[in-house]
Amino acid sequence: MIASFFGSIPAMILLTGILVGVSGALLGSFLVLRGNAMLTDAISHSIVFGIIVVWLLTRQVSGPVQVLGAALTGVLTVVLSELLARSRLVKMDAAIGLVFPALFAAGVLLISIYARDVHIHVETVLLGEIGFVWLNTLTLWGVPVPVAVVTLGAVLVVNLAFVLVLWKELKLTTFDPGLAAALGFLPGVLHYAVLSLTSVTAVAAFDAVGAILFIAFVIVPPSTAYLLTRRLWLMVVLAVALAVAACVVGYALAMRWNVSIAGMMASMTGVWFALALLFAPGHGLVAQAFSWRSKRLDHDCRALVAHLFTHQNTPAMAEENTLRALVDHLRWAEPRARAAILRAHDRDLIERRAGLLTLRPKGTAEAEAIFGKTARVGHKTAGTQ
Amino acid sequence: MSGLADLLSSGIVQTVLIGAAMLGAISGMLGAFAVLRRQSLLGDALSHAALPGVCLGFILAGTRDLGSILLGAFVTGALAALAMMLIVRRTTLKTDAALGIVLSVFFAVGVVLLSWVQGHGGAASAGLASFLFGQAAAILRSDLWIMGGIGLVALALVLALWKEFKLVSFDADFARAQGFPVTLLEVALTVMVALAIVVGLQLVGVVLMVALLIAPAAAARQWTTTLGPMVALSAAFGAASGAAGALVSATTRGLATGPVVVLIATGVVVISLFVAPQRGLLWQALAARRARARISDGRVLTTLQGLANAHRDASYPAERGMLETALGARAPSARIAALERRGLIHPVTHPPETTPHWELTTAGHAEAAALSGKPAGPKDGGAA
Numbered sequence: 001m002i003a004s005f006f007g008s009i010p011a012m013i014l015l016t017g018i019l020v021g022v023s024g025a026l027l028g029s030f031l032v033l034r035g036n037a038m039l040t041d042a043i044s045h046s047i048v049f050g051i052i053v054v055w056l057l058t059r060q061v062s063g064p065v066q067v068l069g070a071a072l073t074g075v076l077t078v079v080l081s082e083l084l085a086r087s088r089l090v091k092m093d094a095a096i097g098l099v100f101p102a103l104f105a106a107g108v109l110l111i112s113i114y115a116r117d118v119h120i121h122v123e124t125v126l127l128g129e130i131g132f133v134w135l136n137t138l139t140l141w142g143v144p145v146p147v148a149v150v151t152l153g154a155v156l157v158v159n160l161a162f163v164l165v166l167w168k169e170l171k172l173t174t175f176d177p178g179l180a181a182a183l184g185f186l187p188g189v190l191h192y193a194v195l196s197l198t199s200v201t202a203v204a205a206f207d208a209v210g211a212i213l214f215i216a217f218v219i220v221p222p223s224t225a226y227l228l229t230r231r232l233w234l235m236v237v238l239a240v241a242l243a244v245a246a247c248v249v250g251y252a253l254a255m256r257w258n259v260s261i262a263g264m265m266a267s268m269t270g271v272w273f274a275l276a277l278l279f280a281p282g283h284g285l286v287a288q289a290f291s292w293r294s295k296r297l298d299h300d301c302r303a304l305v306a307h308l309f310t311h312q313n314t315p316a317m318a319e320e321n322t323l324r325a326l327v328d329h330l331r332w333a334e335p336r337a338r339a340a341i342l343r344a345h346d347r348d349l350i351e352r353r354a355g356l357l358t359l360r361p362k363g364t365a366e367a368e369a370i371f372g373k374t375a376r377v378g379h380k381t382a383g384t385q
Numbered sequence: 001m002s003g004l005a006d007l008l009s010s011g012i013v014q015t016v017l018i019g020a021a022m023l024g025a026i027s028g029m030l031g032a033f034a035v036l037r038r039q040s041l042l043g044d045a046l047s048h049a050a051l052p053g054v055c056l057g058f059i060l061a062g063t064r065d066l067g068s069i070l071l072g073a074f075v076t077g078a079l080a081a082l083a084m085m086l087i088v089r090r091t092t093l094k095t096d097a098a099l100g101i102v103l104s105v106f107f108a109v110g111v112v113l114l115s116w117v118q119g120h121g122g123a124a125s126a127g128l129a130s131f132l133f134g135q136a137a138a139i140l141r142s143d144l145w146i147m148g149g150i151g152l153v154a155l156a157l158v159l160a161l162w163k164e165f166k167l168v169s170f171d172a173d174f175a176r177a178q179g180f181p182v183t184l185l186e187v188a189l190t191v192m193v194a195l196a197i198v199v200g201l202q203l204v205g206v207v208l209m210v211a212l213l214i215a216p217a218a219a220a221r222q223w224t225t226t227l228g229p230m231v232a233l234s235a236a237f238g239a240a241s242g243a244a245g246a247l248v249s250a251t252t253r254g255l256a257t258g259p260v261v262v263l264i265a266t267g268v269v270v271i272s273l274f275v276a277p278q279r280g281l282l283w284q285a286l287a288a289r290r291a292r293a294r295i296s297d298g299r300v301l302t303t304l305q306g307l308a309n310a311h312r313d314a315s316y317p318a319e320r321g322m323l324e325t326a327l328g329a330r331a332p333s334a335r336i337a338a339l340e341r342r343g344l345i346h347p348v349t350h351p352p353e354t355t356p357h358w359e360l361t362t363a364g365h366a367e368a369a370a371l372s373g374k375p376a377g378p379k380d381g382g383a384a
């Protein structure tokens, strides 16, 4: 049973994707909230250099020492960028953009000089080869398990333990680093701990999804979850769930259309994000548009009532208190004017009497509330234009 | 030397060199504005976002036609910039998260399209992968016209809108208050960054393009504090890195152009960071050293003055141990030697002691008085 699960190629590919997604989402939630998302970009590019250097030194790409060694480059990138920014010769964004491309370029060159066609192919660096993870296996308790699954499983356990054990500290340093420092929680240490784990995860995920798609797994599901909830624990859980869903759906679509599996999985995280951006309850673009429309309608209603009130019982009433006046004088488009009249009518603010729009008692009360009672007399005489 | 001359007379190498220098100049020029506006990483997001456009351009044209590929890259780059703006303005996500999302998702879609093209496109699709890391050798003579055209458009825009771009780069709020269409100008600058990326794709590829935008500008910034020279210098650094990188990768088999160009450009940055006059790290270290020496000199002089005043003897000889006690530190023998050379102190012997002693000269008294604000002591001892 177990052996057949670990022997099944689709199950292993899917499991690898899910392990990357879950590990990334756990750390990504905190990176996104801290505003460090682009450091993930820098880390995941520059570990390429670490991986090739470690490979040149040990001729191995997997194993705990190799993973940790390569992960050092990721941390090094962050340290170098921060040092460069602190020298005040360049700004932080330019510092990040100077350090990681240099390390990445050095890594790619080393690969094309020393390791061409040996183990690491330049395109694999970017795109990963999740489809081939089952080729490289390790026997655990008599069952052959893909090496990537073992490494990523171990990384997931570490990340999960880190997040669960240091939950309170992470929460505090993320939302109020000043208070955390004052209470002695060492936000700087946690900052580097999160970035180191991101680096380790990036190295472990490298074979499967490559250097750049990894960024999607770290940043996009937590950002999507962030649009959907304001609770940290729910955000983390949602991010993990979205990552898993992206892997499953992405795998199915990749098989159907015969395209890159890792690319499709990462693309699906983008689809979830786009859906959340559009349809998130309360904050999504559609909800924003609806609330904007209803606010404008309310506002138009008030403007209509005020307009009618100004001209009521004046000589200009016959001209002003009509639909035409709203269109010609207030320059409202006709549908907008009709919608406002309908809404005011529904709310029992106005009625149509002898072809003119007149205020109901409720409408008069609202207008008086708008102008203030004392202003009433003056407006009656002035409002003839 | 004759090898180099042979190389330069070859038509292909000439094309590659001209193309690479042109691309470097364009991205250097436009990158200067991006760096000044702290939008360096926007270039990273936009260049990754060009990948799906490259593939779409290829799919629609059905062949590796540079015009349609660049158009595709430009369109998806612009879409990415739009998506960025939408996310930043309409959600509470931070800018860097928006950058990361746009970068990774557009790239993922590009990867999917690339794998689809490679599965369906046959032999013609082989060249597409070169857009990942760039392959200057693939530049054709006819491509130069397209790049030159884009470069001229960018140059004309920069010259025509120079004052406006300058204002927006340094003080956008003031520009807005003065009634300049700031949003429009920012859109224009972003579009031009997208243009620079599109032209640079062939040289460095989508992944490393960001370095060609940032590195020349960051290097140029160290050498000057004026926008005009900075933009010109940035373009020059870009052109030089591009040409040198293209030359190296054209003469060495199997080296993608992008990484070589990026490493050369980074080298230029590192050198600039260290040696740029006034601003560079070496200059900073030198200035700090000078300041430390000046303070240290002043302390020695005022200590000698204090001892002279306390003993009512202007030529009071102070011994090293006394100086050390007064300064609370090891006596800086290098500083003492320097003060001697400047004629501010004067070594004397103080029999029966054999250790060296120092007294202030007249010039030393004047200097110490200026530093400490206290007048020189009574003249009963007489100055040396």
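Heads up: the sequence lines are chains A and B, in that order.
Its first residue numbered 1, the first sequence is counted upward by one per residue in UniProt numbering.
Its first residue numbered 1, the second sequence is counted upward by one per residue in UniProt numbering.
Each residue gets a CB set at the ideal place from its N, CA and C atoms; glycine is no exception.
Can you tell me the Cβ-Cβ gap for residue i and residue j, rounded? I've got them flagged as a contact below 8 Å.
i	j	result
L361 (chain B)	I345 (chain B)	According to the sequence as given, residue 361 (chain B) is Thr; it is not Leu. The Cβ separation is near 6 Å, so the contact holds.
H365 (chain B)	H357 (chain B)	The pair is not a contact, with the Cβ atoms about 16 Å apart (cut-off 8 Å).
V204 (chain B)	T257 (chain B)	7 Å
S29 (chain A)	V155 (chain A)	Not confirmed; about 16 Å, so no contact.
G107 (chain A)	A208 (chain A)	Contact flag wrong, Cβ pair sits at about 18 Å.
L79 (chain B)	A196 (chain B)	Not quite, the Cβ-Cβ distance comes to about 17 Å (not below 8 Å), so this is no contact.
S40 (chain B)	V206 (chain B)	Their Cβ separation, rounded to whole angstroms, is 16 Å, which puts S40 (chain B) and V206 (chain B) out of contact at 8 Å.
L323 (chain A)	A337 (chain A)	6 Å
Would you say residue i lies against chain B (beta-carbon separation less than 8 Å)?
i	result
V244 (chain A)	no
D298 (chain A)	no
Y226 (chain A)	yes
T174 (chain A)	no
M264 (chain A)	yes
G35 (chain A)	yes
P101 (chain A)	yes
I13 (chain A)	no
I212 (chain A)	yes
I18 (chain A)	no
K91 (chain A)	yes
A32 (chain A)	Residue identity differs from the one stated: residue 32 (chain A) is Val in this sequence, not Ala. By this cut-off, V32 (chain A) is an interface position.
Pick from the options: whose alpha carbon is nearest that of residue i?
i	options	result
H120 (chain B)	A:N313, A:L356 and A:V259	A:V259
V203 (chain A)	A:A318, A:A95, A:I13 and A:I52	A:I52
residue 394 (chain B)	B:T15, B:I26 and B:G19	Here chain B has residues from 1 to 384 only, and residue 394 (chain B) is not among them.
I69 (chain B)	B:S104, B:F131 and B:P181	B:F131
F237 (chain B)	B:V206, B:A246, B:V269 and B:R342	B:V269
A217 (chain B)	B:L255, B:S272 and B:G245	B:S272
E351 (chain A)	A:R331, A:L330, A:L304 and A:V327	A:L304
D65 (chain B)	B:A368, B:G11 and B:A138	B:A138
V48 (chain A)	A:V78, A:L110 and A:P335	A:L110
P221 (chain A)	B:I214, B:V112 and B:V105	B:V105
Tell me the rounded alpha-carbon separation between residue i and residue j.
i	j	result
A3 (chain A)	N136 (chain A)	15 Å
T303 (chain B)	A326 (chain B)	7 Å
L68 (chain A)	V200 (chain A)	6 Å
T190 (chain B)	M85 (chain B)	11 Å
M265 (chain A)	H345 (chain A)	52 Å
A216 (chain A)	G21 (chain A)	9 Å
T354 (chain B)	P347 (chain B)	12 Å
A225 (chain A)	L31 (chain A)	13 Å
R292 (chain B)	G149 (chain B)	55 Å
L42 (chain B)	N36 (chain A)	15 Å
T174 (chain A)	V194 (chain A)	11 Å
A148 (chain A)	M268 (chain A)	22 Å
T16 (chain A)	G284 (chain A)	32 Å
When the cut-off is 8 Å and only beta carbons count, does residue i lie next to chain A?
i	result
S234 (chain B)	no
L273 (chain B)	yes
D44 (chain B)	yes
Let me check you understand the geometry: is the CB of residue i closer than 7 Å to at least one non-hydrogen atom of the ligand HEM?
i	result
L41 (chain B)	With respect to the ligand HEM, the structure offers nothing, as it holds no ligand at all.
Are the stretch 220–234 of chain B and the stretch 97–108 of chain B touching, with three or more C-beta to C-beta distances below 8 Å? no
Should the stretch 279–297 of chain A be regarded as contacting the stretch 151–170 of chain A, the criterion being three or more beta carbon pairs within less than 8 Å? no
Does the stretch 3–20 of chain A touch the stretch 226–233 of chain A, meaning 3 or more C-beta pairs lie closer than 8 Å? Result no; under three Cβ-Cβ pairs closer than 8 Å.
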